[in-house]
Structure formats: structure tokens, C-alpha cells
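I have placed the structure first, in the form of C-alpha cells, so that the comments after it can refer back to it.
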Amino acid sequence: MSPVAITLLVIVIVLAIIIAVLYFLGKKAQKKQAEQQELLDANKQTVSMLIIDKKRMKMKDAGLPQMVIDQTPKMMRGSKLPIIKAKVGPQIVSLICDEKIFDSVPVKKEVKAVVSGIYVLDVKGLHGKTEAAPEKKKGFFKRLVATAQEKAGAKPVK
């Protein structure tokens, strides 16, 4: 056997092992996420609150309880989270928002929110009209790709 064939064979075997490990780790993470989602759904409750502010900020700057910061993995402490400052009853609290609904949360409006602990799962407007978030400007490359797709007759990528 030639040295090139042996090298390619070793590379293919190593890639197969890496793919198998990633597959099983993905299955394990997916199962863990499903369990966590069940816990969130079991503990959710509807609360009326006034949204004061919303930002993406680091966990230590967000004003979350120290116990929450201590329980998070060290790697996640530096990452930015969607944080909502809201007035719930007489208290002003910092809550972590779900990434999917963060852009649709109205600021300076009273809303009914589905909350599980300090995690906001869903928000519905209570008073007034909820306005759609303004579209963000596209960068140069995204505009270029969009115009090329438009000319080619393809569906635009979001």
C-alpha cells in the first residue's frame, strides 16, 4: 500500500470517530434540553409586568442574584444574555428572556408574561398596540447577496 493511501485511510478513520463522538454528545445534549424544557413548562406562571428596559449584557453586569451567577458554568459567565428589567408589582427585577422572543418584547409597556423562575418564556401585550420591531439595515455583503438572488429569481435568505 502506498503512503498516500495509508494517510487517507487514517484521516477517514479519525473523521469517522469524531463524527460518532459528536453524534452521541448531541443526543445527550438534546435529551438534557428536553428535560430542562419540561421543568420550565411545569413551573411557568403568568405575571403582569411593566417592561422598563431590555439589553444584551453579561451575566455579572445584569444584576442577577449571586446564587444564579454561581450556578452557571464558568464559560457561560462571560457570554451576553438577553436581559429584561421589569417592574413586577412593587419590585424592579432583572429577568433572563428567551432568545426567540427577545426582539418582540415591547419596552415601556405593560405586558402579561409567562415566567418560570427568572426566565421569561412568552410575552403578550396588555395595553396599547404592540409595534413591530424596525428592520435592521443590511450590511454590504448581505445586500449584495440579496440583489444577486433577486436577479437570479431565487428566494431571499433571511
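Counting the sequence shown from 1 gives a position; my numbering is that position plus 1.
Beta carbons are placed, not taken as given, at the ideal position from N, Cα and C, and that holds for glycine.
Small disclaimer: the values here were computed from a predicted structure and weren't measured.
Whole-angstrom distance between P74 and A30, CA atom to CA atom: 15 Å
Under 9 Å between C-beta atoms of K109 and V48: no
E111: first and last residue of the uninterrupted beta strand (DSSP E) it sits in: 111 to 117
For G126, three-class secondary structure by DSSP: strand
Paired residues, beta bridge with Q92 - DSSP: V89
Per-residue burial, P83 [other beta carbons within 10 Å of its own, 16 or more giving buried]: buried
Nearest-angstrom beta carbon gap, K61 and I70 [assumed within contact, 8 Å]: 6 Å
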